[in-house]
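One structure is given here, and the rest of the page talks about it.
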Amino acid sequence: MSLLSRTGTPLLSFTRSLRFFKSKTDKTLNVASASPTGSQSNETSVENTKSVIAPRILDRVPPFMIPRQVWLENFNTMETNRIGIVDLHPEVFGARPKLHLIYENLKWQVKYRQVNFAYMPAKHEIPRSTRKPWPQKGTGRARHGTRRSPLFIGGVKIHGPKGPETHFYMLPHAKRVAGLCCTLSVKLAQDDLHIIDNLDIPTNDPQYILDLIKTRKWGPSVLIVDIMLKYNTLVLTLAAAEKIEEKLLKQLYSPAPHPGKLFVSSV
Numbered sequence: 012m013s014l015l016s017r018t019g020t021p022l023l024s025f026t027r028s029l030r031f032f033k034s035k036t037d038k039t040l041n042v043a044s045a046s047p048t049g050s051q052s053n054e055t056s057v058e059n060t061k062s063v064i065a066p067r068i069l070d071r072v073p074p075f076m077i078p079r080q081v082w083l084e085n086f087n088t089m090e091t092n093r094i095g096i097v098d099l100h101p102e103v104f105g106a107r108p109k110l111h112l113i114y115e116n117l118k119w120q121v122k123y124r125q126v127n128f129a130y131m132p133a134k135h136e137i138p139r140s141t142r143k144p145w146p147q148k149g150t151g152r153a154r155h156g157t158r159r160s161p162l163f164i165g166g167v168k169i170h171g172p173k174g175p176e177t178h179f180y181m182l183p184h185a186k187r188v189a190g191l192c193c194t195l196s197v198k199l200a201q202d203d204l205h206i207i208d209n210l211d212i213p214t215n216d217p218q219y220i221l222d223l224i225k226t227r228k229w230g231p232s233v234l235i236v237d238i239m240l241k242y243n244t245l246v247l248t249l250a251a252a253e254k255i256e257e258k259l260l261k262q263l264y265s266p267a268p269h270p271g272k273l274f275v276s277s278v
């Protein structure tokens, strides 16, 4: 294959990259013929090396947008065991990262549950005498009627807080949906999104999961969920990823007004 540029010179770099990709793909697909037979461990490694694209029909894919692809893994071994490739919807997992939307969602989730319990008593609630601190005239000092005045130490504070006061507010529905899509897209772009076929592990020892996370270098904080994400590394089941796509696409394309609350509680 030879491609020519506008000046007529062949594009060798593109051709070499295609050859390299083709040779690398052939090596991956022909591992079974190149490896010795008769060993159970070799057969297992061949099975782990082969990858199949999991068939998925994506709904409402806009034109000129390419579905995002991610490895499908499992928990059968400590090492990374890739058993296939999964197509993800580009509008959910390939949205343009808008950091200001992610920040607004994060600030909203922190503030909407905060309550300020600070309370400053009013002037009539301060336990002090109402007598004049000194006579009105004859002392040369400023006139005062009571020591509850804000001019004295321990007096009332003007316009002080009258708690409890909530900081609750609702972020617009469109910003919440867009923020979730941006968060998922950033996780995928940073290689912090892992999709597994199921949550089955070959042993009942809980230390197995800790050793697996350390072996696969998934970072200090990992959250294995079936619904949504919160930590640095996200591990989703394939069913959870499909459910997230379905819910977010329904919110993105729904002509009806939003019901007042979103279907998820946290990012």
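The opening residue of the sequence shown carries number 12 in my numbering; numbering runs sequentially from there.
Backbone N, C-alpha and C define an ideal beta-carbon position, used for all residues, glycine too.
Next on the checklist: Once DSSP output is grouped into helix, strand and coil, what is the label at GLN80?
Outcome noted: Mapped onto the sequence shown, residue 80 falls at position 69. Three-state result, GLN80: strand.
Checklist entry - Just how far apart, CA to CA, sit ILE220 and ASP211? => result Position 209 of the sequence shown, counting from 1, holds the residue named residue 220. Position 200 of the sequence shown, counting from 1, holds the residue named residue 211. About 11 Å.
Checklist entry - Would you call the segment 190-206 and the segment 77-97 in contact, with 3 or more CB pairs under 8 Å? => result Because the criterion of three Cβ pairs below 8 Å is met, the segment 190-206 and the segment 77-97 touch.
Item to check | Pairwise C-alpha distance: GLN120 and PHE128 | outcome: In the sequence shown, residue 128 corresponds to position 117, counting from 1. In the sequence shown, residue 120 corresponds to position 109, counting from 1. Note on geometry: alpha-carbon atoms of PHE128 and GLN120 lie some 19 Å from one another.
Checklist entry - Is the beta carbon of VAL246 less than 8 Å from the beta carbon of PRO108? => result By 1-based counting over the sequence shown, the position of residue 246 is 235. By 1-based counting over the sequence shown, the position of residue 108 is 97. In this structure, PRO108 does not lie closer than 8 Å to VAL246 by Cβ.
Checklist entry - Looking at LEU191 and LEU259, is the spacing between their C-beta atoms short of 8 Å? => result As a first step, residue 259 must be located in the sequence shown, where it is residue number 248. As a first step, residue 191 must be located in the sequence shown, where it is residue number 180. Their beta carbons are under 8 Å apart, which means LEU259 touches LEU191 by this criterion.
Next on the checklist: Rounded to whole angstroms, what is the Cα-Cα separation between THR150 and GLU136?
Outcome noted: What you label residue 150 is simply residue 139 of the sequence shown in a count that begins at 1. What you label residue 136 is simply residue 125 of the sequence shown in a count that begins at 1. C-alpha separation (whole angstroms): 29 Å.
Next on the checklist: Taking the alpha carbon of ALA251 as the reference point, which residue from PRO213, GLN218, LEU195 has its own alpha carbon closest?
Outcome noted: Taking the sequence shown and counting its residues from 1, one reaches residue 251 at position 240. Out of PRO213, GLN218, LEU195, LEU195 has the C-alpha closest to the C-alpha of ALA251.
Item to check | Simplified DSSP assignment, three categories, for GLY95 | outcome: Here the question's residue 95 lines up with position 84 in the sequence shown. GLY95 carries a strand assignment under DSSP once its states are collapsed to helix, strand and coil.
Checklist entry - Under the rule that 16 or more other beta-carbon atoms within 10 Å means buried, what is LEU110, buried or exposed? => result Looking up residue 110 in the sequence shown gives position 99. By the 10 Å Cβ count, LEU110 comes out exposed.
Item to check | C-alpha gap between THR177 and TYR123, whole angstroms | outcome: Here residue 177 refers to the residue found at position 166 when the sequence shown is read from its first residue. Here residue 123 refers to the residue found at position 112 when the sequence shown is read from its first residue. Looking at the two C-alpha atoms, the distance is approximately 8 Å.
Item to check | DSSP three-state assignment for LEU14, whether helix, strand or coil | outcome: Locating residue 14 in the sequence shown gives position 3, counting from the first residue. Low confidence applies here, because LEU14 scores a pLDDT of 39, under 50, leaving its location unreliable; read the following figure in that light. It is coil, neither helix nor strand.
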